[in-house]
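Protein sequences appear in the order of chains L and R. Following the numbering used here, the numbering of the first sequence begins with 981 at its first residue and continues without gaps. Following the numbering used here, the numbering of the second sequence begins with 3 at its first residue and continues without gaps.
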Amino acid sequence: MEEKMTQLMGELFGEEELSIEEAIVDGIFTISIGENNYRIRTPNFSEKRLAEKERKKYTVELIGTKGYEFEDVLIKSLKKKKIDIKKMESEFEKLQEEIHIKWLSLAKMTKREESQEDKKAIEDRKIEISQLLAKQMQISIDKYKYMQYSIESEAEQRYILFLIILCTDIKKKNGNYIRLYKDLDSFDHGDEELNNRLVYYASHLFFKSRDLKDV
Amino acid sequence: MYKEIRKLARDWKFQTLYIGNNKTLPFIQNKKHLNKLQFHFLYWLLRYNGLYETLSFGEEFLTEAVLNDEMRTDAYLYYAKIKNEQETMERILSDKKGKFNHKEIDMTAPEAFSFEMKKPDKK
Chain L
981 MEEKMTQLMG
991 ELFGEEELSI
1001 EEAIVDGIFT
1011 ISIGENNYRI
1021 RTPNFSEKRL
1031 AEKERKKYTV
1041 ELIGTKGYEF
1051 EDVLIKSLKK
1061 KKIDIKKMES
1071 EFEKLQEEIH
1081 IKWLSLAKMT
1091 KREESQEDKK
1101 AIEDRKIEIS
1111 QLLAKQMQIS
1121 IDKYKYMQYS
1131 IESEAEQRYI
1141 LFLIILCTDI
1151 KKKNGNYIRL
1161 YKDLDSFDHG
1171 DEELNNRLVY
1181 YASHLFFKSR
1191 DLKDV
Chain R
3 MYKEIRKLAR
13 DWKFQTLYIG
23 NNKTLPFIQN
33 KKHLNKLQFH
43 FLYWLLRYNG
53 LYETLSFGEE
63 FLTEAVLNDE
73 MRTDAYLYYA
83 KIKNEQETME
93 RILSDKKGKF
103 NHKEIDMTAP
113 EAFSFEMKKP
123 DKK
């Protein structure tokens, strides 16, 4: 589900200025806004440890704060308001099963020599799969909308934000890079366009705890 | 962005660099701290490398047109996974059958459960 959200963000922001090759080879994204050049880089082990410490600290802060619940509690509260997250997840899984069936059929449609008719049938099957993927995307968005204020999600956002602060540099006139933000407060008062891009690029650079569970 | 990553991963430039360096990755600078993007890239680099090898064997349902189309590649990978799982299961079942074929035991017969207690060795 996370991957689908990131894909949607990419479509919203546009990626014409991105150098993915640079991000793969050097592990950094460079950003130019006006005359200023910035970069966001991959965190090292000690930076990740600092951010992890911040996540734990923030989680403790949120426990007991009105309006913040852990995911499992939030799911139960939402269900009382007739918003069924578990049902959304099972619908997502059902769609995945449908996609698997369509994938098998699409794979078997391949021939060494494909006629115009074969090509048309393949395109039709691809459209059917795209429609299922779009439904999955909608479920991801809906789920995110409701779950983004859970303690886990808020703490995760703080973790990512902390890494952004540690790993964003500005290029000086002599060509050297220095750290741009001192703390969360300076980030909050920073350039909005830059910050939006940083958050987007960070979603491609930094692993979230959920990603690591999948690995 | 994920589309771009896959495009780069199947690109001959990176495929050739990967094969030409004995399947190592000298072009990645921060190997100790791989980021998410690099992880995805490496995943697809290896996947496409395997698929190009499979393509050269003339495998059924895999063509150049499939590799140039992400959705068709996903479909093929899923098909190959299922096929592989089925073949593994068939192999396991036929291995088990092979083991028991030479000595068919009637498990309903009382002899099947009778055995002699071994007397302790006298020292």
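C-beta atoms are modelled at their ideal positions from N, C-alpha and C, and glycine is treated no differently.
Give me the DSSP bridge partner(s) of residue i.
i                 : result
Ile1020 (chain L) : L:Phe1009, L:Thr1148
Ile1158 (chain L) : L:Ile1150
Within a Cβ cutoff of 6 angstroms, which residues of the same chain sit near residue i, ignoring the five residues on either side of it in sequence?
i                 : result
Gln1076 (chain L) : none
Tyr1139 (chain L) : Ala1031, Arg1035
Phe1142 (chain L) : Ala1031, Glu1034
So residue i and residue j are in contact, right, with Cβ under 8 angstroms, and what is the actual spacing, rounded?
i                 : j                 : result
Lys25 (chain R)   : Glu72 (chain R)   : 23 angstroms between Cβ atoms; not a contact.
Ile1020 (chain L) : Leu10 (chain R)   : Ile1020 (chain L) to Leu10 (chain R), Cβ: 19 angstroms. No contact.
Glu976 (chain L)  : Ile1144 (chain L) : Because chain L in this structure spans residues 981 to 1195, residue 976 (chain L) falls outside the shown range and cannot be described.
Tyr81 (chain R)   : Phe63 (chain R)   : 6 angstroms
Applying a beta-carbon distance threshold of less than 8 angstroms, which residues of chain L neighbour residue i?
i               : result
Phe63 (chain R) : Ala1087, Lys1088, Thr1090
Glu66 (chain R) : Those do not exist, as Glu66 (chain R) stays about 10 angstroms from chain L at its closest Cβ, beyond 8 angstroms.
Arg74 (chain R) : Leu1086, Ala1087, Thr1090, Ile1102, Lys1106
Tyr81 (chain R) : Trp1083, Leu1084, Ala1087, Lys1088
Tyr78 (chain R) : Ala1087, Thr1090
Met91 (chain R) : Chain L residues near Met91 (chain R): none, gap ~17 angstroms exceeds 8 angstroms.
Can you name, in chain order, every residue of its own chain whose Cβ lies under 8 angstroms from the Cβ of residue i, other than the five neighbours on each side?
i                 : result
Ser1130 (chain L) : Tyr1048, Glu1049, Phe1050, Glu1051, Leu1054
Ile1109 (chain L) : Ile1079, Lys1082, Trp1083, Leu1086
Between which residues of its own chain and residue i is the CB-CB distance below 7 angstroms, once the five residues before and five after are set aside?
i                 : result
Leu19 (chain R)   : Phe29
Phe16 (chain R)   : Leu10, Leu47
Leu1160 (chain L) : Tyr1018, Thr1148, Asp1149, Ile1150
Which residues in chain L have a C-beta closer than 9 angstroms to the C-beta of residue i? List them in chain order.
i               : result
Leu10 (chain R) : Ile1000, Glu1001, Ile1004
Ile94 (chain R) : Within chain L, no residue comes near Ile94 (chain R); the closest Cβ sits about 22 angstroms away, beyond 9 angstroms.
Since residue i meets chain R, which of its residues come closer than 7 angstroms, beta carbon to beta carbon?
i                 : result
Leu1058 (chain L) : By Cβ distance, chain R contributes nothing, its closest Cβ being about 29 angstroms from Leu1058 (chain L), past 7 angstroms.
Leu1185 (chain L) : Asn37, Lys38, Leu39
His1080 (chain L) : Tyr80
To be precise: take each residue of the stretch 17-50 of chain R, compare its Cβ to all Cβ atoms of chain L, and keep it if any distance is under 7 angstroms. Which residues remain? Residues of the stretch 17-50 of chain R whose Cβ lies closer than 7 angstroms to any Cβ of chain L, in chain order: Phe29, Ile30, Gln31, Asn32, His35, Asn37, Lys38, Leu39, Gln40, Phe43.
At a CB distance below 8 angstroms, what residues from the stretch 998-1024 of chain L approach chain R? Give them in sequence order. Leu998, Ile1000, Glu1001, Ala1003, Ile1004, Val1005, Asp1006, Gly1007, Thr1022, Pro1023, Asn1024
Check each residue of the stretch 1109-1121 of chain L: if its Cβ is closer than 7 angstroms to any Cβ of chain R, include it; give the result in chain order. Within the stretch 1109-1121 of chain L, the residues whose Cβ lies closer than 7 angstroms to some Cβ of chain R are Ile1109, listed in chain order.
Between the stretch 1131-1147 of chain L and chain R, which residues of the former have CB atoms less than 9 angstroms from a CB of the latter, in chain order? none
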